[in-house]
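Asks: Once you've had a glance at the structure underneath, I'll fire off some questions.
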């Protein structure tokens, strides 16, 4: 695994929509004036009668998506993560999740890697918000390959989903043909000294951290916890038991995100020494995406340092 190839999750989302549109006439796509940026607009080139743009009206976007679901359609609705769920939690809760409708919310620009747009557009609370809503399922793909597989898979699974994508092109972790299994974490690399549970763009950083730790004589497992809800408790507990130490890594607020979800499972089923890598309960700022990830501690070096700290503490 070289992680040298880069690809955009947004491009993969557009490709998946076109493939879905060709095989399922019930698939419709809804946007909020950002379909060009999300690449969901490519769906209109093939299926213009099934593409709907609502402008900058996010509450309307998700409410109409609920209506489409009630009519038997499979709506994919999305914009930037700062706007959905940011502006319309009430509509998502009451119009989609409460009646358990098959609306697939797919949003891009999650995390601080949005970069120059700054704190007002850097969504670091969405995983916490969405996983707290009953019946909502939350997925954070690691790369473009898994994004395409996940989007195609959720079209066949009843009920509401939130899928969080990132803005920049990111390292490709998986080979084509990635087999997404709903509710099951993916073991990217086995190990025995420390388990690194990661999601989103932090999966690639976790792999790099594992490489660094290997040079220091430590065997690190890397597990992609792409499905944050429902979380794969069985795999988490298995690796916690096997490795005895856990580090989580996510491009999200340290409060309420994937790391919190992992901690909830392990504190009840298999308590082990644990460290969480994420945004430390603060807002971001405008800057180059790579520099921001370094400043806010979201790199392979920070993951490796936390793992080494656990090992050196003797816990």
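Residue numbers (my numbering): 43 to 357. Backbone N, C-alpha and C define an ideal beta-carbon position, used for all residues, glycine too.
#1: Applying the 10 Å Cβ sphere with the 16-neighbour rule, what's the burial state of residue 219?
#2: How is residue 330 classed by DSSP in three states: helix, strand or coil?
#3: Starting from the C-beta of residue 201, find all residues in its chain whose C-beta is less than 8 Å away, skip the five residues before and the five after it, and write them out in chain order.
#4: Excluding five sequence neighbours on each side, which residues of the same chain lie with their C-beta closer than 7 Å to the C-beta of residue 168?
#5: Quick one: is residue 236 near chain C, going by C-beta distance under 8 Å?
#6: Quick one, are the C-beta atoms of residue 267 and residue 237 less than 8 Å apart?
#7: Give every residue of the same chain whose Cβ lies closer than 6 Å to the Cβ of residue 33, excluding the five residues on either side of it in the sequence, and list them in chain order.
#8: Can you give the Cα-Cα distance for residue 331 and residue 56, rounded to whole angstroms?
#9: Please state whether DSSP places residue 213 in a helix, a strand or coil.
#10: Suppose you measure from the CA of residue 239 to the CA of residue 182; what does that come to, to the nearest Å?
#11: Sorted by chain position, which residues of the same chain lie with C-beta nearer than 6 Å to residue 130's C-beta, five sequence neighbours on each side aside?
#12: Measuring only the C-alpha atoms, how far is residue 351 from residue 314?
#13: Starting from residue 276, trace the alpha helix (DSSP H) in both directions and tell me its first and last residue.
#14: Quick check for students: name the residue ranges of the alpha helix (DSSP H) that lie wholly in the region 127-158, counting only runs of 4 or more.
#15: Ends of the alpha helix (DSSP H) at residue 110?
#16: Using CA atoms only, rank isn't needed, just tell me which of 265, 333, 210 and 306 is closest to residue 234.
#17: Give every residue of the same chain whose Cβ lies closer than 6 Å to the Cβ of residue 318, excluding the five residues on either side of it in the sequence, and list them in chain order.
#18: For the putative contact between residue 88 and residue 60, defined by C-beta atoms under 8 Å, what is the C-beta separation to the nearest angstrom?
#19: Output needed for residue 279: all residues of its chain with C-beta closer than 6 Å, excluding positions within five of it in sequence on either side, in chain order.
#20: Per DSSP, residue 3 is paired with what?
#21: Given that a residue counts as buried once 16 or more other Cβ atoms are within 10 Å of its Cβ, and exposed if not, what is residue 98?
#22: The beta strand (DSSP E) that contains residue 271, what's its start and end?
#23: Per DSSP, what are the beta-bridge partners of residue 117 in this structure?
#24: Any idea which residues DSSP pairs residue 48 with across the strands?
#25: Going by alpha carbons, who is nearest to residue 307 out of 286, 284 and 276?
#26: Determine the contact status of residue 246 and residue 262, defining contact as a CB-CB distance below 8 Å.
#27: If you run the structure through DSSP and keep just helix, strand and coil, what is residue 76?
#28: I'd like the span of the alpha helix (DSSP H) that includes residue 192, first residue to last.
#29: Can you tell me the Cα-Cα spacing of residue 343 and residue 46, whole angstroms?
#30: On the DSSP bridge list, what partners appear for residue 181?
Replies: This is what the structure holds:
#1: Locating residue 219 in the chain shown gives position 177, counting from the first residue. In this structure residue 219 is exposed. Its beta-carbon is surrounded by fewer than 16 other beta-carbon atoms within 10 angstroms.
#2: As a working mapping, residue 330 is identified with position 288 in the chain shown. In this structure, DSSP gives residue 330 a state outside helix and strand, which the three-state scheme calls coil.
#3: Mapped onto the chain shown, residue 201 falls at position 159. 142, 143, 144, 177 and 179, listed in sequence order.
#4: Stepping through the chain shown from its first residue, residue 168 is reached at position 126. If you ignore the 5 residues before and after residue 168, its C-beta comes within less than 7 Å of the C-beta of 123, 127, 152 and 206, all in its own chain and listed in chain order.
#5: Checking the listed chains, one finds no chain C in this structure; it contains a single protein chain.
#6: Residue numbering aside, residue 267 sits at position 225 when the chain shown is read from its first letter. Residue numbering aside, residue 237 sits at position 195 when the chain shown is read from its first letter. Cβ atoms of residue 267 and residue 237: not closer than 8 Å.
#7: Since the first residue of the chain shown is 43 and the last is 357, residue 33 is not available in this structure.
#8: Here the question's residue 331 lines up with position 289 in the chain shown. Here the question's residue 56 lines up with position 14 in the chain shown. When rounded, the distance between both Cα atoms is 23 Å.
#9: Numbered from 1 along the chain shown, position 171 holds the residue referred to as residue 213. Note: residue 213 maps to strand in three-state DSSP.
#10: Indexing the chain shown from 1 puts residue 239 at position 197. Indexing the chain shown from 1 puts residue 182 at position 140. Near 13 Å, if we compare the C-alpha coordinates of residue 182 and residue 239.
#11: As a first step, residue 130 must be located in the chain shown, where it is residue number 88. So the qualifying residues of the chain are 100, 101 and 104.
#12: Here residue 351 refers to the residue found at position 309 when the chain shown is read from its first residue. Here residue 314 refers to the residue found at position 272 when the chain shown is read from its first residue. Cα to Cα, residue 351 sits roughly 14 Å from residue 314.
#13: To locate residue 276, count along the chain shown from 1; it is residue 234. It spans 275-285 - the alpha helix (DSSP H) in which residue 276 sits, taken as one unbroken run.
#14: none
#15: For the purposes of this step, residue 110 is taken as the residue at position 68 of the chain shown. It spans 100-112 - the alpha helix (DSSP H) in which residue 110 sits, taken as one unbroken run.
#16: Numbered from its first residue, the chain shown carries residue 234 at position 192. Out of 265, 333, 210 and 306, 265 has the C-alpha closest to the C-alpha of residue 234.
#17: Sequence index remark: in the chain shown, residue 318 carries index 276 (1-based). The residues are 290, 296 and 301.
#18: On the chain shown, position 46 is the one that residue 88 refers to. On the chain shown, position 18 is the one that residue 60 refers to. About 6 Å separates the two Cβ atoms, so the contact holds.
#19: The residue labelled residue 279 in the question sits at position 237 within the chain shown. Correct list, in chain order: 311 and 312.
#20: Coverage of the chain is limited to positions 43 through 357, which leaves residue 3 absent and any answer about it impossible.
#21: The sequence position of residue 98 within the chain shown is 56, counting from 1. Residue 98 should be labelled exposed.
#22: Your numbering for residue 271 matches position 229 in the chain shown. Run containing residue 271: 269-271, per the beta strand (DSSP E) assignment.
#23: Residue numbering aside, residue 117 sits at position 75 when the chain shown is read from its first letter. In the DSSP output, where bridge partners are listed per residue, residue 117 has 70.
#24: Walking along the chain shown from the start, residue 48 turns up at place 6. Paired residue(s): 213.
#25: Taking the chain shown and counting its residues from 1, the one referred to as residue 307 is at position 265. Residue 307 has its Cα closest to that of 276, out of 286, 284 and 276.
#26: In the chain shown, residue 246 corresponds to position 204, counting from 1. In the chain shown, residue 262 corresponds to position 220, counting from 1. In this structure, residue 262 does not lie closer than 8 Å to residue 246 by Cβ.
#27: The sequence position of residue 76 within the chain shown is 34, counting from 1. In this structure, residue 76 counts as coil in the three-state DSSP scheme.
#28: As a position in the chain shown, residue 192 is number 150, starting the count at 1. Taken as a continuous stretch (DSSP letters only), the alpha helix (DSSP H) holding residue 192 covers 186-196.
#29: On the chain shown, position 301 is the one that residue 343 refers to. On the chain shown, position 4 is the one that residue 46 refers to. Going from the Cα of residue 343 to the Cα of residue 46 covers about 18 Å.
#30: For the purposes of this step, residue 181 is taken as the residue at position 139 of the chain shown. Looking at the DSSP assignment, residue 181 forms a beta bridge with 205 and 269.
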